[in-house]
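Before any comments, here is the structure.
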Amino acid sequence: MGLPDRLGGMLTKESPARQVVGADIVRAVLVVGGAALIGALVGLVGLSPQVWAGGIGLILAIGVALLRYRVAFEGFCFIFFALFDFIGYVPLLSASIKIYLADGIILLMAVLCLRALSNRESMRSLASPVTGLLVINFFFGFFALLVGFGSGHQFNDVVGDFRRFFFYPLATLAALGYILRRTDIRKLILLFSVVLLVISGIALVRVAKGQTWDPAQFAEKGDFRAIGYFTGVIVVMGLGVFYGFSLVSRGYRKWASVLASGLLIGVGFLSGYRLLWALLVMTPLFVSWTAYRGQRRNLRLILALLITAALLIGALVVAQYLFADRFLLMKTKFQERVLGFSFQDNIRYVAWKAAWNRFASSPIIGAGIGDQFSFWGINSAGNPHLFRLTTHNVFLAILYQTGVLGGGIFLVIHLRIVWYVWTRLPQIEPCIRAPLTGMLSGYLAALALGMFQPLFESPGAIVGFYLWLGMMLNVLRLYLGDTVGTPELL
């Protein structure tokens with residue numbers, strides 16, 4: 021392992037290898053000793069063995085990250101993305117304030133800060149076009165805390181929104197701190213492939229058994245969801261990446277990428293989300309157009325249309341053959357919710373109007389974070405009803421609670437990202453540009469879904485989204501300006 025991956029890798033001229041090994045041993049002893057000490061102290065005050073074990077686990081987790089940040093980061097992301105349907109929405113602890121697996125990113129960020137303070141290369145790795153904006157957003161969050169408490173909102177609600185809107189976006193820096201090398205690319209592709217296989221397997225098992233995700237929310241309505249909201253976004257992210265690979269690879273690698281794209285389209289269709297269906301069609305078109313803009317663009321778009329249509333038809337045929345009952349349900353839902361859709365009759369229309377009115381009443385500083393959004397509307401029985409739902413739009417949620425200040429920072433961050441990536445993609449070789457465009461399409465898909473679904477109400481979704489953003493910038497940084505000797509990725 022190289023020097024940048026070690027905490028405080030300040031080597032002397034005398035014996036660099038011996039000093040690195042010695043530093044690892046010292047840190048390992050301190051970690052284990054610290055874990056035992058905290059565990060003993062917790063036991064002395066009479067807390068439960070679970071808490072005692074948790075204290076040891078916490079210190080050991082920090083120790084692993086200190087000793088091998090790269091391994092800790094890869095392991096966290098693999099488990100987090102692959103099993104998101106099971107661990108992304110349910111808190112691990114609910115006492116006082118809810119603690120999610122997503123909060124494990126705090127450990128990585130703490131270690132990252134220590135590494136940055138002791139290693140110049142680690143500090144430079146955090147540089148990006150939005151690092152400063154994310155830090156500004158974080159410090160603005162303390163002002164939003166004061167407004168939220170001053171508005172009389174509940175402590176847990178205010179702190180929860182602070183975490184989601186202002187703290188968790190710093191997960192981008194945790195991804196940038198993973199110092200990416202070209203030799204890591206194949207490994208990351210393999211890990212991401214396994215993540216997508218796990219997600220696809222979970223979705224197909226649910227379809228085969230007729231067991232919907234989150235039955236408490238969907239089973240009573242007769243709806244079916246093969247995967248959760250953010251897991252659907254991960255599927256679209258995977259589609260963008262592997263469709264990009266299919267454009268630039270050859271031989272069996274091309275066909276493997278095409279088959280992977282077809283599988284992900286099928287899983288996305290069986291998910292049951294209308295907007296996800298649209299994203300499954302738009303993603304290949306966006307990747308083809310963006311990756312080859314200015315280079316036979318019309319031909320590429322026609323080819324992308326044909327490939328997308330073939331993949332979609334193939335996925336539908338397979339789904340109809342293997343899961344006839346579930347396919348019929350999806351077909352019925354498509355006819356009802358897409359062909360018969362009327363926006364003014366949709367609950368989002370009423371929610372968005374209510375959120376805008378709340379913003380108009382306090383446009384500068386907003387209503388304060390931690391607000392429990394509710395609005396009056398007409399229920400299915402035709403009677404007035406007080407709905408206690410989300411805004412179904414992450415931008416409106418930030419805008420009405422933090423005003424033009426918070427909403428403006430959010431817009432500037434994401435406009436800056438899109439502009440930066442968009443203007444630099446043409447500088448990269450096509451074999452990198454196409455899959456990187458797929459990463460951009462996944463980022464945009466998450467934003468689009470967040471504008472129509474309560475996607476970012478989940479802390480895990482926020483962390484996953486900003487981790488993806490950080491990795492996209494990391495890959496772009498790795499290959500930006502490199503037009504000679506670019507290795508084949510697949």
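The sequence shown maps to residues 21 to 510 in our numbering.
C-beta atoms are modelled at their ideal positions from N, C-alpha and C, and glycine is treated no differently.
Just so we're clear, the structure is a prediction, and the values are computed from it rather than from any experiment.
Asked                                                                                                                                                                                : Found
Could you work out which residue in G230, A246, P304, A236 is closest to S220 when comparing CA atoms only?                                                                          : A246
Please tell me whether A223 and L300 are closer than 8 Å, where the distance is taken between their beta carbons.                                                                    : no
Can you confirm whether the region 389-397 touches the region 168-180 when touching is taken to mean that 3 or more C-beta pairs between the two stretches lie within less than 8 Å? : yes
Tell me, which residues are paired with W442 by DSSP?                                                                                                                                : Beta-bridge pairing links W442 to no other residue.
Please state whether DSSP places F244 in a helix, a strand or coil.                                                                                                                  : coil
Quick check on the DSSP output: the alpha helix (DSSP H) that includes F187 runs from which residue to which?                                                                        : Run containing F187: none; DSSP gives neither H nor E here.
From G260 to N403, what does the alpha carbon distance come to, in whole angstroms?                                                                                                  : 44 Å
Below 6 Å CB to CB, which residues in the same chain sit around G407 once its five sequence neighbours on both sides are set aside?                                                  : Reading off the sequence, residue 407 comes out as Phe, not Gly. Cβ within range, chain order: F395, G397.
Could you tell me the distance, in whole angstroms, from the CA atom of V167 to the CA atom of M459?                                                                                 : 36 Å
Quick check on DSSP: helix, strand or coil for L416?                                                                                                                                 : helix
Along the chain, where does the alpha helix (DSSP H) containing I205 start, and where does it finish?                                                                                : 205-229
CB V466 to CB V253, shorter than 8 Å?                                                                                                                                                : In the sequence as presented, Val is not what sits at residue 466; that position holds Ala. Yes, these two residues count as a Cβ contact at 8 Å.
Within its chain, find whatever has a CB closer than 7 Å to the CB of R444; leave out the 5 residues flanking it on each side and keep chain order.                                  : L496, L500
Here's the rule I'm using: 16 or more other beta-carbon atoms within 10 Å means buried, otherwise exposed. How should I285 be labelled?                                              : buried
Using three-state DSSP, classify L496 as helix, strand or coil.                                                                                                                      : helix
Determine whether the beta carbon atoms of W488 and G462 lie at a separation below 8 Å.                                                                                              : yes
What residue from V256, A468, V287, L211 has the CA that sits closest to I99's CA?                                                                                                   : L211
I'd like the list of long-range same chain contacts for M491, defined as Cβ closer than 7 Å, with 5 residues on each side in sequence excluded.                                      : A195
Rounding to the nearest angstrom, what Cα-Cα distance links V110 and F104 in this structure?                                                                                         : 10 Å
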